[in-house]
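Note that the sequence shown covers residues 2 to 210 in this note's numbering. Virtual Cβ for every residue (Gly too), placed ideally from N, Cα, C. Because the structure is a prediction, the values reported are computed rather than measured.
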Amino acid sequence: MPLKNLDKLNEELKKAAREKDHAKRGIKIAAVLAKALRQIDQEPILVGGSAVEFYTEGKYATKDIDMLAPGGRELWNVMKQLGFERLGKDYTHEKFKIYVEFPGDVLGEGETSDILDVNGMPLRIISVEDLIVNRLCQYKFWKVLVEGVNVLLLLELGQVDKERLLVQAQKKDVVDALEAISTAYEEIYRKKLSPKKAAQKLQEWLWSH
Numbered sequence: 002m003p004l005k006n007l008d009k010l011n012e013e014l015k016k017a018a019r020e021k022d023h024a025k026r027g028i029k030i031a032a033v034l035a036k037a038l039r040q041i042d043q044e045p046i047l048v049g050g051s052a053v054e055f056y057t058e059g060k061y062a063t064k065d066i067d068m069l070a071p072g073g074r075e076l077w078n079v080m081k082q083l084g085f086e087r088l089g090k091d092y093t094h095e096k097f098k099i100y101v102e103f104p105g106d107v108l109g110e111g112e113t114s115d116i117l118d119v120n121g122m123p124l125r126i127i128s129v130e131d132l133i134v135n136r137l138c139q140y141k142f143w144k145v146l147v148e149g150v151n152v153l154l155l156l157e158l159g160q161v162d163k164e165r166l167l168v169q170a171q172k173k174d175v176v177d178a179l180e181a182i183s184t185a186y187e188e189i190y191r192k193k194l195s196p197k198k199a200a201q202k203l204q205e206w207l208w209s210h
C-alpha cells in the first residue's frame, strides 16, 4: 500500500536524522516511523537501548533504534518506501545513517507502555519499571555489566513506581539483582561511593552469582 504524504514523511525523517542531540535524534526518528506505521494499523513501542537512551537523556548512547511491532510484509513495505533496506530483523537507511531493529511484536505479559508527545507526534515507549526489569534480566542472567550500570542510571531518574518495580522484578526473579544495584545507588547518592567503584561492586556481584 502506497504511503499517504510520503514526501512529507521523508522530509520529517530527514529532519529528525539531522538532529545533533543524540538522545533527541533517536526519539524523533522513532516518532516519524510510528507515524508512518499507523497507516497500516501498527502501533510500535520503543524499547531496549533506545528507551534507556531517552529516559537517561543520553547518559547511555546507542546507534540502534529498537521498536516492537507486528511486522510482516506490510511493515517491510512501509520501511522500503521510507528508504530502508532490510537484513533480517534490522533495517538500515544508509543515506540518513539510521539503524532500526524490530526484536519482537508485543510487550511481555503484564508489561505496560507510556505515550510521549514528540513534536506533536505520539510515540509509545515501554514503562520505566518494565525497562529496568528487562535490563536486570540482562545483567543477572546474561552477565552484562553495562545493563547493571543502566539500571543505576534509570534509578537516578526518581520517576520509578517502586511498588510496581518490585512486583515486576519478582515475576522475573531479579529482586536480588535489584537490591544489589539499589544498594550501590544509595551509596552513590550519599556520596560514599564513586560511580567507578559502584560499577566494580556490580561486577563483584555478578562474579558471586
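Taken through DSSP and simplified to helix, strand or coil, His23 comes out as helix. Residue pairing from DSSP places Arg125 in a beta bridge opposite Ile46, Ile116. Using a Cβ distance threshold of 8 Å, Gln169 and Val129 do not count as a contacting pair. With a 10 Å radius around the Cβ and a threshold of 16 neighbouring Cβ atoms, Val119 comes out buried. Beta bridge pairing from DSSP links Thr93 with Glu86, Tyr100. For Ala199, same chain residues with a beta-carbon under 6 Å away, outside a window of 5 residues either side, are Ala185, Ile189 in chain order. The closest CA to that of Met2, considering only Asp22, Arg39, Leu132, Tyr140, is found on Arg39. For a cut-off of 8 Å, the C-beta gap from Leu146 to Leu207 is around 6 Å, short enough to register as a contact. Segment contact: the segment 42 to 49 against the segment 82 to 91, fewer than three CB-CB distances shorter than 8 Å; contact not assigned. In this structure, DSSP gives Met68 an extended state, which the three-state scheme calls strand.
For Leu10, the uninterrupted alpha helix (DSSP H) segment begins and ends at 7 to 18.
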